[in-house]
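Student: Supplied in structure tokens, the structure appears directly below.
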Ligand code: PGA
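Numbering (my numbering), first residue to last: 137 to 377.
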């Protein structure tokens, strides 16, 4: 099982250091923990994670190796600073920065060629779900966002229904089952047999156990609850219960 924390644009540095240290005080056998931090925190948080088995990741990277891209961060920079994985195509980046699946694929290719693993996010909006297009939307995102050249073990998929992110609304077991089964079939037929699929969207220590019982759910991508170390620990504990 994988439990990944997405801190997004939170918290302040001193709180971030304390939070990372708190993560390290608990061991979670059988759970791969990944921590996606804001870019300036990669170096200081790497120091806090030394000696722990928690993997460190960036929340985005540029599709080019280097160049005149003011404000952007390259995959190589993330790797140089101690990241081993990068989160790509999060719905907030797709919505607020107009990131297309084509761009996500270019970023994923660059990240992998640089030596990073990639976690690619997919998920439908409420309007797409209400019009019956949820599965088709997600399969279309996968088809375009996932470069076929990626090795199966360098890729993780996070299914995050947009309407469940930060809203307290969690997809039902039936909705997660349908989507994760569909994603699993797609992954098998595309040659990604060993790729894991995480669920994300308002996961907390109270709902995690039920989500983890769903077929083809290999873990969770956690936003809000990852900012409270006891909650993150509770989700990790539920992953192996
Ligand atoms: P949330 O965020 O857990 O706060 O809903 C999840 C995510 O956006 O990755």
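Think of the CB as a built atom: it goes at the ideal place given N, C-alpha and C, for glycine as much as any other residue.
Please confirm whether any heavy atom of ligand 1 lies closer than 7 Å to the CB of residue 365.
Tutor: No, Cβ of residue 365 sits at least 7 Å from all heavy atoms of ligand 1.
Student: For residue 276 and residue 251, I'd like the C-alpha separation in whole angstroms.
Tutor: If I take the Cα positions, the gap works out to 26 Å.
Student: Compute the Euclidean distance between the alpha carbons of residue 138 and residue 170, then round it to the nearest angstrom.
Tutor: Each residue's Cα considered, the two are about 7 Å apart.
Student: What is the DSSP secondary structure of residue 301, counted as helix, strand or coil?
Tutor: Of the three classes helix, strand and coil, the one that applies to residue 301 here is coil, per DSSP.
Student: Helix, strand or coil, according to DSSP, for residue 217 in the structure here?
Tutor: Correct three-state label for residue 217: helix.
Student: Tell me which same chain residues have a C-beta within less than 6 Å of the C-beta of residue 247, skipping the five on either side of it?
Tutor: Once the five neighbours on either side are set aside, the close Cβ partners of residue 247 are 197, 211, 222, 254.
Student: Kindly indicate which three-state DSSP category residue 137 falls into: helix, strand or coil?
Tutor: DSSP places residue 137 in coil when its eight states are reduced to three.
Student: If the criterion is Cβ atoms closer than 8 Å, does the pair residue 288 and residue 245 meet it?
Tutor: Their beta carbons are not under 8 Å apart, which means residue 288 does not touch residue 245 by this criterion.
Student: Can you tell which of 241, 368, 307, 179 has its C-alpha closest to the C-alpha of residue 291?
Tutor: Per the Cα distances, 241.
Student: Under the DSSP definition of a beta bridge, which residues are partnered with residue 284?
Tutor: Bridge partners of residue 284: none, in fact.
Student: Would you list the one or two residues that DSSP bridges to residue 172?
Tutor: For residue 172, which the question treats as bridged, DSSP gives the partners 142, 193.
Student: Select from 209, 205, 214, 257 the residue whose C-alpha is nearest the C-alpha of residue 225.
Tutor: Residue 257 is the option with its Cα nearest to residue 225.
Student: Where does the unbroken alpha helix (DSSP H) through residue 241 begin, and where does it stop?
Tutor: From DSSP, the alpha helix (DSSP H) with residue 241 extends over 237 to 250.
Student: Nearest to residue 334 by CA position, among 365, 349, 327, is which residue?
Tutor: Comparing Cα positions, the closest option is 349.
Student: Short check: CB of residue 192 to CB of residue 219, under 8 Å?
Tutor: It is a contact, given that the beta carbons lie within the stated cut-off.
Student: Hey, is the segment 230 to 239 in contact with the segment 139 to 152, meaning 3+ C-beta pairs nearer than 8 Å?
Tutor: Output reads no: the segment 139 to 152 does not touch the segment 230 to 239.
Student: Got a sec? Which residues, its chain only, sit under 7 Å from residue 303 by beta carbon, not counting five neighbours each side?
Tutor: Taken in chain order, the residues that qualify are 338.
Student: Residue 301: beta carbon under 7 Å from a heavy atom of ligand 1?
Tutor: Yes - ligand 1 has a heavy atom lying nearer than 7 Å to the Cβ of residue 301.
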